[in-house]
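Under the numbering used here, the first residue of the sequence shown is numbered 460, with each subsequent residue one higher.
Cβ coordinates follow ideal geometry from the N, Cα and C atoms, glycine included.
What you are looking at is a predicted structure, and each value in this text was computed from that prediction instead of being measured.
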Amino acid sequence: MTYAQLFKLSLRHHPQVIVIGEIRDAQTAAQVVEAALCGHLILTTIHALGLNEIVQRFLNLGVDIGDLNQVLTGLAFQVRQRQNFEFSYQFLKKKHEISTTLVT
460 MTYAQLFKLS LRHHPQVIVI GEIRDAQTAA QVVEAALCGH LILTTIHALG LNEIVQRFLN
520 LGVDIGDLNQ VLTGLAFQVR QRQNFEFSYQ FLKKKHEIST TLVT
């Protein structure tokens, strides 16, 4: 079975929360957004350099900004500082349209 088939199969169990390890490709991004549009809470990770880049990464993977506005409820960004192994964080709870706050 493929990753896409397993993801689709998991939706048949009517989960309240779906945890996806990482979004790496357009197909996974599309499936995650589609599941969120159907009412599932999705928790996932995606490689990006900051909060703005998280949204841009979804757009680069072909996700429609209107769909992203409907399903995105918050973002968290974490980076480890190499010299002292401490972490710094950024959080954003979505209050406005993505198109006016994050996409530059």
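Close beta carbons around Gly-480, own chain, < 8 Å, minus the five adjacent residues each side: Thr-503 and Thr-504
Nearest neighbour of Asp-526, chosen from Glu-493, Pro-474 and Ala-463 [CA to CA]: Glu-493
C-alpha distance - Leu-468 paired with Gln-549, whole-angstrom precision: 34 Å
Nearest-angstrom beta carbon gap, Leu-551 and Leu-508 [assumed within contact, 8 Å]: So it is not a contact: roughly 15 Å between Cβ atoms.
Segments of 3+ residues assigned as beta strand (DSSP E) that fall wholly inside the stretch 483 to 559: 500 to 503, 533 to 539 and 546 to 552
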